[in-house]
Amino acid sequence: MKNQWMNKTLLVLSIQILMGTAYAADTTAETQGTTVGAQETAVASSVETNATTPPHDASNALQQQEGDATKQTNLEEVFTSNERQYSLIKKGDISAFYDVDYTYYRDTQLDLEMAQGSLYQLRVQENASHTLTNTFTVQYGVLDNLTFTASLPLVAKTDNLKDTSTAGLGDISLGTRWEPFPLKTGRLPLILFGNISTKTGDSPYEINPTTDLATGKGYYSAGVGASTRKYIDPVVLFASVSANYGFKESGLDQRRGPRVIEEFDPGISGGFSFGFAYSFNYDVSMTMSYQQSFNTGAEFTYTSGESYSPADQTSSTFAISLGVRVSPETIVNGTLGIGLTEDAPDVSLGLSFPLDIAGFGKKIS
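Each residue of the sequence shown is one higher than the one before, counting from 0 in numbering that gives the first Met the number 0.
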């Protein structure tokens, strides 16, 4: 069936080129209403022709029929599976996903103490940690253009230098994605998204930082953003931008050296990403992207009345994702991320696939 579909597509292209017409995919194959990672793409049925068939009938027989798989539908499906924030599901649909991500971070810092212009303490601090995050995500289509999501992360961490490890619940998050305008030929689709992140994980400001590890960030945050995409045969270009605000945490009582932290203001963070997705064939695809984020305005306040504002941070990552269709309805994605700045993880690995259990992926009546 797959070979028949590929042969049929090649024949359609050849006929259209000979006739002097440009190949344009049907715009109704856009991702509005696509179930992420689980949208079934129909394979074209075989076309039987013989030498007695008139030329115009043969041409019509080879034209794309309703339900036939096309390069665009395949690429859009792969794209929405890799870049989940660009897809919406239909009203009443519910789906679930499982992501497992591994990150490795190593850094060397100098701890300097000076008094009266003289250096009296110089300490080299080594940081090396492994983090494994298992995330279960559920999304529900409130409307055809409005989707709610909820994510539950389970985090396991190991620090080789501290010789300690921990495992537990991470920060649960709730989000929404909204497509304000219907799809229209010649207009870029726009997806607006927002999220609220809790502090259900172990806070880094409520543990002993010298012996324990945290599974969460320790504060509530809210974020908004927007994304778009453009299909240009044979790739999909995409871009997104986002901003997050961290809410101040007070009443802390954590000792850091000779001082005790009383308040922490996370400041503002944001970022952007862009890249492209390319489908090699019906079963294999690749996505490449660049992601950059920043954090500014963070401030620590101590019980002594002193305050400290750390330097602004910038994190950049280059990521490559390979999508493989393991069944007609399932695409599994593997991702490799490489940190480009000191604030980014040195390396990250990810695996993502949809879940279809207990009725997930079905329409709620």
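Even for Gly, the Cβ is constructed at its ideal location relative to N, Cα and C.
Distance between residue j and residue i (C-alpha atoms, nearest Å)
i, j, result
"residue 186", "residue 338", "34 Å"
"residue 249", "residue 198", "14 Å"
"residue 129", "residue 157", "5 Å"
"residue 326", "residue 334", "19 Å"
"residue 352", "residue 236", "22 Å"
"residue 331", "residue 318", "16 Å"
"residue 354", "residue 105", "33 Å"
"residue 262", "residue 279", "52 Å"
"residue 309", "residue 203", "16 Å"
"residue 311", "residue 294", "6 Å"
"residue 238", "residue 274", "7 Å"
"residue 102", "residue 231", "33 Å"
"residue 95", "residue 139", "9 Å"
"residue 143", "residue 171", "25 Å"
"residue 346", "residue 132", "14 Å"
"residue 316", "residue 292", "9 Å"
"residue 288", "residue 303", "45 Å"
"residue 244", "residue 267", "5 Å"
"residue 241", "residue 271", "6 Å"
"residue 24", "residue 87", "Summary for residue 24: the model assigns pLDDT 32, below 50, so the residue's position carries little reliability; its value from the coordinates is reported in the next sentence. Distance between the alpha carbons of residue 24 and residue 87: 20 Å."
"residue 264", "residue 183", "43 Å"
"residue 179", "residue 189", "7 Å"
"residue 151", "residue 329", "22 Å"
"residue 348", "residue 181", "35 Å"
"residue 307", "residue 252", "16 Å"
"residue 305", "residue 211", "25 Å"
"residue 324", "residue 141", "28 Å"
Secondary structure of residue i, DSSP reduced to three states
i, result
"residue 186", "coil"
"residue 322", "strand"
"residue 227", "strand"
"residue 133", "strand"
"residue 276", "strand"
"residue 197", "coil"
"residue 102", "strand"
"residue 213", "coil"
"residue 348", "strand"
"residue 305", "coil"
"residue 341", "coil"
"residue 206", "coil"
"residue 180", "coil"
"residue 354", "strand"
"residue 63", "With a pLDDT of 36 at residue 63, under the threshold of 50, the predicted position of this residue should be treated as unreliable, and no value is reported."
"residue 311", "coil"
"residue 222", "strand"
"residue 93", "strand"
"residue 173", "strand"
"residue 88", "coil"
Terminal residues of the beta strand (DSSP E) in which residue i lies
i, result
"residue 264", "258-264"
"residue 168", "163-168"
"residue 244", "234-245"
"residue 156", "145-158"
"residue 328", "Element bounds for residue 328: n/a, residue is neither H nor E."
"residue 289", "283-295"
"residue 251", "248-255"
Nearest residue (CA-CA) to residue i, options the options
i, options, result
"residue 221", "269, 239, 276, 106", "269"
"residue 195", "254, 223, 201, 207", "223"
"residue 149", "203, 184, 93, 155", "93"
"residue 218", "211, 209, 201, 161", "201"
"residue 100", "87, 208, 298, 155", "155"
"residue 175", "264, 136, 245, 230", "136"
"residue 168", "215, 147, 88", "215"
"residue 283", "320, 266, 142, 160", "320"
"residue 322", "350, 298, 296", "350"
"residue 344", "314, 254, 328", "314"
"residue 281", "166, 251, 233", "233"
"residue 256", "342, 164, 209", "209"
"residue 276", "146, 228, 264", "228"
"residue 127", "206, 151, 164, 254", "164"
"residue 191", "207, 285, 225", "225"
"residue 207", "259, 173, 348", "259"
"residue 298", "247, 159, 160", "247"
"residue 91", "205, 146, 159, 336", "146"
"residue 97", "166, 153, 89", "153"
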